[in-house]
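Mind the numbering: the sequence shown is residues 21 to 427 in the working numbering, read in order.
Glycine residues also receive a C-beta, built at the ideal position from the N, C-alpha and C atoms.
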Amino acid sequence: MKKAMDADVVVMGLGYIGLPTAGLIASKGIRVHGTDVNPSVVETINKGEIHIVEPDLEGLVSYVVKNGFLKADRKPVKADVFLIAVPTPLKGGHRPDISYIESAVTSLAPYLKKGDLVIIESTSPVGTTEKVAEDIYSLRPELKGEITLAYCPERVLPGKILYELEQNDRVIGGLTEEAGEKARDFYSRFVKGNLHVTNARTAEMCKLVENAYRDVNIAFANELSIICDHMGINVWELINLANKHPRVNILKPGPGVGGHCIAVDPWFIVNSVPDTARLIRTAREVNDAKPEYVAANVIKKAARFKDPTIACFGLSYKADIDDLRESPALEIVERLAKHRAGRILVVEPHLKALPDRLKALPKVELSTIDESLKEADIVVILVDHRAFRNIDRMLLREKLLIDTRGL
Ligand code: SAJ
21 MKKAMDADVV VMGLGYIGLP TAGLIASKGI RVHGTDVNPS VVETINKGEI
71 HIVEPDLEGL VSYVVKNGFL KADRKPVKAD VFLIAVPTPL KGGHRPDISY
121 IESAVTSLAP YLKKGDLVII ESTSPVGTTE KVAEDIYSLR PELKGEITLA
171 YCPERVLPGK ILYELEQNDR VIGGLTEEAG EKARDFYSRF VKGNLHVTNA
221 RTAEMCKLVE NAYRDVNIAF ANELSIICDH MGINVWELIN LANKHPRVNI
271 LKPGPGVGGH CIAVDPWFIV NSVPDTARLI RTAREVNDAK PEYVAANVIK
321 KAARFKDPTI ACFGLSYKAD IDDLRESPAL EIVERLAKHR AGRILVVEPH
371 LKALPDRLKA LPKVELSTID ESLKEADIVV ILVDHRAFRN IDRMLLREKL
421 LIDTRGL
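What follows is the structure in structure tokens.
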């Protein structure tokens, strides 16, 4: 029998994926116990507040916490389903670091019982679900064959997480057929998109391939943008025209590829098969080299001025969010400051202060759209935030404009 302090579902890791997932599940009247190693995250959520920026999330979390369907804690409780949504970053040598998954497994193992389902949502190298099963059975040998495990990657886009969590199709990889079916039943309680069941290795690879596909396409666009610079062709017009072909769909070039997914996940494939994943590795290298190319271009143009003021528009890794992880814009500003290219005015409407990485550098200030447009000699567009889209073109007339986003 279930005790009052038990839950239906334990969600481990209450970050960008775990918290919205916990909130959505709880909103269906399912009792969710969320865990996080960070005590301030736990405290914030238990107050019905959130520690990340994501549209509509605060309202949802506050509602389910108030109604008693979501509770946060540092430790798990007994439940029927354990869902792991912890980070899997890169460590040295572009190798995946699955230590957070390993710690989550150690912490949940004592609470497992016969019949439970363990699901991994964290982006993981192929073979991780099998390894998690082995880790659990080495801690709880009596549960071998008595619990089920599945891999079900999240696929949501930051900024649209709550909509996509519910509406996107999901790929579910069972370690056994029974596990796949059990996980499908679980997701059908809160996902409206189609649920596609396969084995765990295919589901693990599917997640990596989705992001690698996008990375390769963006690398193609970024390489084109450099080729076009050399050839005196407007890359935006070129791509727009090429995409009129019914079977061509080139993505947009930019200052580089940021975020914690597309800039990271393709390396998981490269790391597994380093000699074979040649295109995927090259795409990563092309995209990683783009910020340096942009910075060098700005530095070259700035050298034409005496004491130039350079306005850098945007710091986040993409439009309309505050997330700075792996942000190419941040890398570019840092490179300009270290090179002492001029006085740098950073315009980032989503930040109240400069990040520590920039604070320590000389002649970098956080500024506003109006002030920077008044003072800048050079305007560099690094992020296509909505707030920048209505800038009066007349105000840019006298400036040297470098627009990496085709705004
Ligand atoms: N970017 C370009 N050109 C484009 C599109 C994107 O330069 O045409 C850049 C963005 O500016 C940004 C980076 O790529 O710096 C990544 O942004 P994104 O919007 O492509 O993707 P993420 O990282 O925010 O989210 C991706 C999504 N994956 C795919 O679209 C295949 C999302 O669905 C995944 O859930 C997420 O990764 C994840 O968590 O893996």
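For ALA315, which residues from the same chain have a beta carbon less than 7 angstroms from its beta carbon, with the 5 sequence-adjacent residues on both sides left out? Contacts found: ILE352, ARG355 and LEU356.
Looking at the structure shown, is HIS71 part of a helix, part of a strand, or coil, going by DSSP? coil
Quick check: the Cα distance between ARG160 and GLU174, rounded to an integer number of angstroms? 28 angstroms
At a threshold of 8 angstroms, does ARG175 count as lining the ligand SAJ (C-beta to nearest heavy atom)? yes
What alpha helix (DSSP H) runs, 4 residues minimum, are completely inside the region 230-279? 255-262
Spatial neighbours of ASP404 within its chain, please: C-beta separation below 7 angstroms, excluding the five flanking residues on both sides. ALA339, ARG425 and LEU427
Identify every run of the beta strand (DSSP E) within the region 32-96, keeping only runs that are complete inside it and at least 3 residues long; order them along the chain. 52-55 and 90-93
Should VAL236 be listed as close to the ligand SAJ, given that the test is whether its C-beta is under 8 angstroms from any heavy atom? No, the Cβ of VAL236 stays beyond 8 angstroms of every heavy atom of the ligand SAJ.
Check: ASN242 C-beta below 8 angstroms from any heavy atom of the ligand SAJ: Yes; taking the cut-off as 8 angstroms, the Cβ of ASN242 has a heavy atom of the ligand SAJ nearer than that.
Measuring only from the beta carbon, is ALA283 closer than 8 angstroms to any heavy atom that is part of the ligand SAJ? yes
Beta carbon of TYR171 nearer than 9 angstroms to that of GLY193: yes
Helix, strand or coil, according to DSSP, for GLU385 in the structure here? strand
Could you tell me which whole beta strand (DSSP E) segments of length 3 or greater appear in the region 92-129? If we require 3 residues or more, the beta strand (DSSP E) runs fully inside the region 92-129 come out as 101-104.
Which runs of the beta strand (DSSP E) at least 3 residues long sit entirely within the region 344-386? Give them in chain order. 363-367
Return the residue from the list HIS216, LEU420 and LYS379 that minimises the CA-CA distance to ILE330. LEU420
Is there a Cβ of chain D sitting closer than 9 angstroms to that of PHE240, yes or no? This model lacks chain D altogether, as it is built from one protein chain only.
On the three-state DSSP scale, how would you describe PHE210? coil
Indicate whether GLY276 and PRO311 have their beta-carbon atoms separated by less than 9 angstroms. yes
Assuming ILE37 and GLU141 form a contact by the criterion Cβ under 8 angstroms, report the distance between their Cβ atoms to the nearest whole angstrom. Between ILE37 and GLU141, the beta carbon gap of about 6 angstroms places them in contact (Cβ cut-off 8 angstroms).
Just to confirm before moving on: does the CB-CB distance between THR55 and VAL284 stay below 9 angstroms? no
Residue closest to LYS394, alpha-carbon to alpha-carbon, out of LYS180, GLY274, MET414 and THR302: MET414
Check whether the Cβ atoms of PRO116 and TRP287 lie closer than 9 angstroms to each other. yes
Considering only the beta carbon of each residue, do VAL57 and ALA42 sit closer than 9 angstroms? no
Integer-rounded CB distance, given that GLY68 should sit under 8 angstroms from LYS86: 6 angstroms
Spell out the partners DSSP gives ASN410 in its beta bridges. Bridge partners of ASN410: none, in fact.
Whole-angstrom distance between ASP342 and LEU371, CA atom to CA atom: Approximately 7 angstroms, taken between the alpha carbons.
Taking its Cβ as the centre, do 16 or more other Cβ atoms sit within 10 Å of SER347, making it buried, or is it exposed? buried
Taking the beta carbon of GLU198 as the centre, do at least 16 other beta carbons fall within 10 Å, making it buried, or is it exposed? Classification of GLU198: exposed, given that the 10 Å Cβ count is below 16.
Consult DSSP for VAL290 and reduce its assignment to one of helix, strand or coil. helix
Tell me whether the beta-carbon of ASP28 lies closer than 9 angstroms to the beta-carbon of VAL101. Cβ atoms of ASP28 and VAL101: closer than 9 angstroms.
Alpha carbons only, please: which of ALA46, ALA349 and GLY112 is nearest the one belonging to GLU81? Note that residue 81 is Val in the sequence shown, not Glu. Of ALA46, ALA349 and GLY112, the residue nearest in Cα terms is ALA46.
Looking only at DSSP bridge pairs, what is VAL400 linked to? CYS332 and ILE422
Once the 5 residues before and after ILE411 are set aside, which same chain residues still bring their CB inside 8 angstroms of it? ILE389 and LEU393
Measuring alpha carbon to alpha carbon, tell me which residue in ALA323, LEU77 and LEU128 is nearest LYS95. LEU128
How is the alpha helix (DSSP H) around TYR313 delimited, first residue to last? 298-322
Have a look at THR126, THR168 and ASN291 and flag the residue whose alpha-carbon is nearest the alpha-carbon of PHE206. THR168
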